[in-house]
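Take a look at the structure below.
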Amino acid sequence: MSGEWVVYMLETRAGSLYTGVTKDLEARYRAHAAGTGARAVRLAGGPRRVLWHREGLAKADAFRLERAIKLLPRERKDQLVARGLAAVGLGPDGHPDG
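Each residue of the sequence shown is one higher than the one before, starting from 1 at the first, in the UniProt record's numbering.
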């Protein structure tokens with residue numbers, strides 16, 4: 001089924017950024033906070049907050065977008081949080097915009 005996946009970016013307590021994919025953002029955040037989420041988030045002291053998310057994606061688009069975001073340098077991730085996908089040259093499905 002399409003349209004039920006979410007790509008999200010967390011800020012950790014250590015100040016690093018983590019990007020992930022889920023079908024239920026609230027449940028995934030709770031898992032990160034409980035220490036049962038991604039190892040990278042646990043090692044960074046747990047989540048501080050959700051900085052950005054995009055809902056309603058097909059599974060393939062969500063994983064493509066997650067990968068594209070993970071490849072961005074920190075400065076561009078900060079731009080994405082502040083101004084959205086177009087600011088970093090990505091379309092809503094993770095393909096380069098243009």
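Using N, Cα and C, we set each Cβ at its ideal position, and we do this for glycine too.
Cα-Cα separation between residue i and residue j, rounded to whole angstroms
i: LEU71; j: TYR18; result: 12 Å
i: SER16; j: LEU85; result: 19 Å
i: ARG39; j: ASP61; result: 24 Å
Supposed close pair residue i, residue j - CB separation, criterion 8 Å
i: GLU11; j: LYS23; result: Their Cβ separation, rounded to whole angstroms, is 22 Å, which puts GLU11 and LYS23 out of contact at 8 Å.
i: VAL7; j: HIS53; result: 7 Å
i: ARG30; j: GLY20; result: Incorrect: roughly 13 Å between the Cβ atoms, too far for contact.
i: GLY35; j: GLY46; result: 7 Å
i: LEU65; j: GLY94; result: 3 Å
Whether residue i touches residue j by CB criterion (7 Å)
i: ARG48; j: ARG13; result: yes
i: MET9; j: LEU51; result: yes
i: LEU43; j: ALA68; result: no
Cβ neighbours of residue i in the same chain (closer than 7 Å, five flanking residues each side left out)
i: VAL41; result: LEU10, THR12, TYR18, HIS32, PRO47
Own chain partners of residue i with C-beta closer than 6 Å, once the 5 adjacent residues on each side are dropped
i: GLN79; result: ALA87, VAL88
i: GLU55; result: VAL6
Report the start-end ranges of each alpha helix (DSSP H) in the UniProt domain "GIY-YIG" (3-79) that is 4 residues or longer and not cut off at the edges.
25-34, 39-43, 59-70
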